[in-house]
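For reference, the structure is listed below as structure tokens.
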Amino acid sequence: MKKIVIILLFLSMLVAFQKKEDKKVYICSSVASTSYHFKKKCRGLSNCKTAIKESTEKRVKKFGRLLCKWEEKELKKK
Numbered sequence: 001m002k003k004i005v006i007i008l009l010f011l012s013m014l015v016a017f018q019k020k021e022d023k024k025v026y027i028c029s030s031v032a033s034t035s036y037h038f039k040k041k042c043r044g045l046s047n048c049k050t051a052i053k054e055s056t057e058k059r060v061k062k063f064g065r066l067l068c069k070w071e072e073k074e075l076k077k078k
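Counting along the sequence shown from 1, when you hit position 62 you're at 62 in UniProt numbering, and nothing is skipped either side.
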């Protein structure tokens, strides 16, 4: 019984300190671009004249980017 408690405690600690993976997002590398997108084929990225780059949601929010209006509407529908 004591071994089971120790194993459960150990497993719970592993889960508690596990690093969550940040969501991958896409941005237009243009200087004027201000939003990020969850889908590479998003309607909002169709006007991008420069390269489309992959990043993480945490990183792009740090630089002040906001979620694309098209994708924001989709999230509200769900």
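Glycine included, C-beta positions come from ideal geometry on N, C-alpha and C.
Remember, it's a predicted structure, so these values are computed and weren't measured experimentally.
- Collapsing the DSSP output to three states places residue 23 in coil.
- In its own chain, leaving out the 5 sequence neighbours on each side, no residue places its CB closer than 8 Å to the CB of residue 62.
- Counting only residues of its own chain and dropping the five nearest sequence neighbours on each side, residue 65 has a CB closer than 7 Å to the CB of 27, 34, 35, 36.
- Residue 32 holds the alpha-carbon nearest to the alpha-carbon of residue 47 among 57, 32, 55, 59.
- With a cutoff of 8 Å on beta-carbon distance, residue 24 and residue 50 are scored as not near each other.
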